[in-house]
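Each remark here refers to the structure printed beneath this line.
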Amino acid sequence: MLLIGDGGSTKADWWFVKNGETRNIKTMGFNPLFHTTNSVIDGLNKSDDLKLIAEEITELYFYGASCSSKERNAVIENGLNVVFKNADNNVSHDLMGAAMATCGDDTGIVCILGTGSNAAYFDGKEFPNRVPALGYVLGDEGSGTYIGKKILADFLYGLVPEEIKVHLTETMNLTKDIVFNHVYQQPHANIYLASFAKELAAYKHLDYTRDLVIQCFKDFIKYHVECYPQAEKSQIHFVGSVAHHFEDLLRESFEGTDLKADKIIAEPGKAILEYFLSKNS
29 MLLIGDGGST
39 KADWWFVKNG
49 ETRNIKTMGF
59 NPLFHTTNSV
69 IDGLNKSDDL
79 KLIAEEITEL
89 YFYGASCSSK
99 ERNAVIENGL
109 NVVFKNADNN
119 VSHDLMGAAM
129 ATCGDDTGIV
139 CILGTGSNAA
149 YFDGKEFPNR
159 VPALGYVLGD
169 EGSGTYIGKK
179 ILADFLYGLV
189 PEEIKVHLTE
199 TMNLTKDIVF
209 NHVYQQPHAN
219 IYLASFAKEL
229 AAYKHLDYTR
239 DLVIQCFKDF
249 IKYHVECYPQ
259 AEKSQIHFVG
269 SVAHHFEDLL
279 RESFEGTDLK
289 ADKIIAEPGK
299 AILEYFLSKN
309 S
């Protein structure tokens with residue numbers, strides 16, 4: 029049985045077909061920059077649903093954030109080999125999964141806006157001359173982490189609207205000490221920061237939110253889309269939770285350019301599975 033995995037730092041989705049029905053299982057995310065092989069094994073073993081089908085899996089393809097070298101891929105693949113012992117396990121970059129989900133075998137600019145961000149021109153087979161992703165400390169423009177950093181900085185500077193301030197202080201009990209502890213002392217600061225982008229989605233009606241998110245997306249377009257000479261003649265596709273939750277603002281971010289957003293998919297895993305099934309039909 030074929031199993032498709034697609035994941036970032038926060039969560040992973042697993043798609044397969046059993047008894048003619050397409051099914052989905054969700055687990056924690058896996059990123060070789062922040063997780064070890066043992067944490068991959070532990071995370072997978074926490075899913076009873078995955079354990080039920082593990083021995084049936086004969087072919088597995090996982091597309092993950094930061095899976096861009098043999099060394100990094102091995103962190104994930106070694107964990108998969110322990111849990112899915114009967115499978116031919118394959119690990120590749122999440123951009124390749126996003127390309128399969130949106131472009132298929134066609135060309136296009138493929139973008140990811142989730143916990144982190146990335147983009148590249150896809151020539152139908154691979155990504156020539158890809159601009160590097162710098163991670164959440166130096167880059168990740170337009171991502172949940174990037175947006176979250178902006179919100180928290182404005183909150184601590186006293187610049188957020190009263191409605192958001194009340195939510196952060198009274199509902200979430202947020203203080204400077206709590207923020208500093210999570211960002212500077214606890215692991216997985218990127219996931220913590222990105223969680224505030226989801227909180228902000230409830231306040232899209234505010235000019236503050238619109239302006240902040242649109243500027244974050246414009247930064248992404250500047251550094252990760254307009255850098256490709258093929259952009260003006262290419263379809264530009266997006267996958268990821270941030271692209272999905274802020275779809276209206278993402279499309280608006282392209283106003284004033286000669287570009288536009290085409291497909292926007294929250295979770296590419298199902299589309300990747302359909303791509304594989306179409307190849308084998």
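Letter 115 of the sequence shown, counting from 1, is numbered 143 in the numbering used here, and no numbers are missing. Cβ atoms here follow ideal geometry from the backbone N, Cα and C, with glycine treated the same way.
Under 7 angstroms Cβ to Cβ from residue i, same chain only, skipping five residues before and after it: list those, please.
{"i": "residue 267", "result": "126, 129, 130, 140, 293, 296"}
{"i": "residue 231", "result": "191, 192, 237"}
{"i": "residue 53", "result": "42, 75, 77, 78"}
{"i": "residue 280", "result": "242"}
{"i": "residue 289", "result": "264, 266, 278, 279, 282"}
{"i": "residue 184", "result": "204, 207"}
{"i": "residue 71", "result": "55, 56, 58"}
What does residue i pair with, by DSSP beta-bridge criteria?
{"i": "residue 139", "result": "147, 266"}
{"i": "residue 283", "result": "Answer is none; residue 283 lacks a bridge partner."}
{"i": "residue 289", "result": "264"}
Count the other CB atoms within 10 Å of the CB of residue i; is the residue buried (16 or more) or exposed (fewer)?
{"i": "residue 233", "result": "exposed"}
{"i": "residue 152", "result": "exposed"}
{"i": "residue 91", "result": "buried"}
{"i": "residue 122", "result": "buried"}
{"i": "residue 171", "result": "buried"}
{"i": "residue 218", "result": "buried"}
{"i": "residue 300", "result": "buried"}
{"i": "residue 249", "result": "buried"}
{"i": "residue 103", "result": "buried"}
{"i": "residue 101", "result": "buried"}
Assuming residue i is part of the beta strand (DSSP E), what are its boundary residues?
{"i": "residue 40", "result": "39-46"}
{"i": "residue 119", "result": "116-121"}
{"i": "residue 92", "result": "87-92"}
{"i": "residue 30", "result": "30-35"}
{"i": "residue 50", "result": "49-56"}
Go through its chain and collect everything with a Cβ distance to residue i's Cβ below 8 angstroms, but skip five positions before and after it.
{"i": "residue 276", "result": "232"}
{"i": "residue 51", "result": "43, 44, 45"}
{"i": "residue 39", "result": "54, 55, 56, 57"}
{"i": "residue 86", "result": "29, 30, 114, 115, 116"}
Within its chain, find whatever has a CB closer than 6 angstroms to the CB of residue i; leave out the 5 residues flanking it on each side and keep chain order.
{"i": "residue 59", "result": "37, 93, 94"}
{"i": "residue 252", "result": "147"}
{"i": "residue 35", "result": "57, 58, 92"}
{"i": "residue 110", "result": "69"}
{"i": "residue 89", "result": "32, 118"}
Alpha helix (DSSP H) containing residue i: first to last residue?
{"i": "residue 334", "result": "One cannot answer for residue 334 here, as it falls past the ends of the chain, which runs 29 to 309."}
{"i": "residue 298", "result": "297-308"}
{"i": "residue 165", "result": "163-166"}
{"i": "residue 132", "result": "No alpha helix (DSSP H) contains residue 132, which DSSP labels as neither H nor E."}
{"i": "residue 251", "result": "235-252"}
{"i": "residue 173", "result": "172-185"}
{"i": "residue 64", "result": "It is not in any alpha helix (DSSP H) - residue 64 carries neither H nor E in the DSSP assignment."}
{"i": "residue 208", "result": "204-208"}
{"i": "residue 217", "result": "217-228"}
{"i": "residue 191", "result": "190-194"}
State yes or no: is the C-beta of residue i nearer than 7 angstroms to some heavy atom of the ligand HEM?
{"i": "residue 201", "result": "The ligand HEM is absent from the structure shown, which contains no ligands of any kind."}
Taking 8 angstroms as the threshold (beta carbon to beta carbon), is residue i in contact with chain C?
{"i": "residue 293", "result": "Looking for chain C here will not work: only one protein chain is present."}
Legend entry - Inter-stretch contact at 8 angstroms, needing at least 3 Cβ pairs: the region 297-308 / the region 177-185: no
Inset, instruction - Report yes or no: do the region 133-150 and the region 269-289 share at least 3 C-beta pairs separated by less than 8 angstroms? - result: yes
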